[in-house]
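Some notes on the structure that comes next.
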Amino acid sequence: MKRFSEVLDSLSFKNSVYEQLRVRMALEHWKDIAGDALARHSKFHDFRHGVLYFCCDDPLWLSEASFLKTQLISRINAVLGKELVKDIKFRRCRSD
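Using the numbering used here, you'd call the opening residue of the sequence shown number 13 and step up by one each time.
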């Protein structure tokens, strides 16, 4: 019997729903990937066509996240075990 992760591996490139699921599962580890401080000030928004979208609650953290983008992509893909994330876009969160 195959493990759930093996089933996802075999389907992930065949259907974007499975890519979404894998990425969302990997982002459960966002605190480990980004570090405590950045994780507290950033929030996952969307994943489309290989691009992760995050919003940051402060312009300084937006700048820091953009500076770390290449490292974050590498870390996320390492957690995924595949190169699904090609880019990350950060934007300022709307304050309500």
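Note that the Cβ used here is the ideal one computed from N, Cα and C, for glycine as well.
Helix, strand or coil for His-61? Go by DSSP, reduced to three states. Sequence index remark: in the sequence shown, residue 61 carries index 49 (1-based). If DSSP states are grouped into helix, strand and coil, His-61 belongs with coil.
Under the assumption that Phe-111 contacts Ile-100 (Cβ atoms under 8 Å), give the Cβ distance between them as a whole number of angstroms. The question about residue 111 has no answer here: the residues shown for the chain are numbered 13 through 108.
Simplified DSSP assignment, three categories, for Asp-70: For this step, residue 70 is matched to residue 58 along the sequence shown. The answer is coil: DSSP assigns Asp-70 none of H, G, I, E or B.
Per-residue DSSP class, three states only, for Lys-94: Against the sequence shown, residue 94 aligns to sequence position 82. Here Lys-94 sits in coil by DSSP.
Please name the residue, chosen from Arg-106, Phe-102 and Glu-18, that lies closest to Val-63 on a Cα-to-Cα basis. To locate residue 63, count along the sequence shown from 1; it is residue 51. It is Phe-102 whose Cα lies nearest to the Cα of Val-63.
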